[in-house]
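Numbers given in our numbering equal positions in the sequence shown, counted from 1, plus 72.
What follows is one structure encoded as structure tokens, with my remarks underneath.
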Amino acid sequence: MAKPLHLISYILHNQPHSVEVESDREQLTPHQARFYLSALHTFEWPNEFTDVQVTRILHSKKGGATPAHRIQS
């Protein structure tokens, strides 16, 4: 079974960023996300990330066709 997918949105050095993360947890808190982000950005401390928001992605974009781009035969 696939791991739950989350979107982490955040501000670092006054620039917006986002990253998709697979997690072993059904829910990921902003506090937990800060530690993931500090591992991703190895030179940053968890308190340097502001406006951290976590959204669960219920369906993955991987491997499927986009509905608007169906190929006609």
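Idealized CB from N, CA, C, for every residue including glycine.
Which residues DSSP lists as bridging residue i, in chain order
i	result
R128	H78
T122	I83
Under 7 Å between C-beta atoms of residue i and residue j
i	j	result
I80	V91	yes
H78	L100	yes
P102	V124	yes
E94	K75	yes
Run of the beta strand (DSSP E) containing residue i, from where it starts to where it stops
i	result
S90	Q87 to E94
Boundaries (first-last residue) of the alpha helix (DSSP H) holding residue i
i	result
H103	P102 to L112
Classification of residue i by the beta-carbon crowding that lies within 10 angstroms, buried from 16 upward
i	result
L109	buried
A105	buried
L121	It should be pointed out that residue 121 corresponds to Phe in this sequence rather than to Leu. F121 is buried by the Cβ-count criterion.
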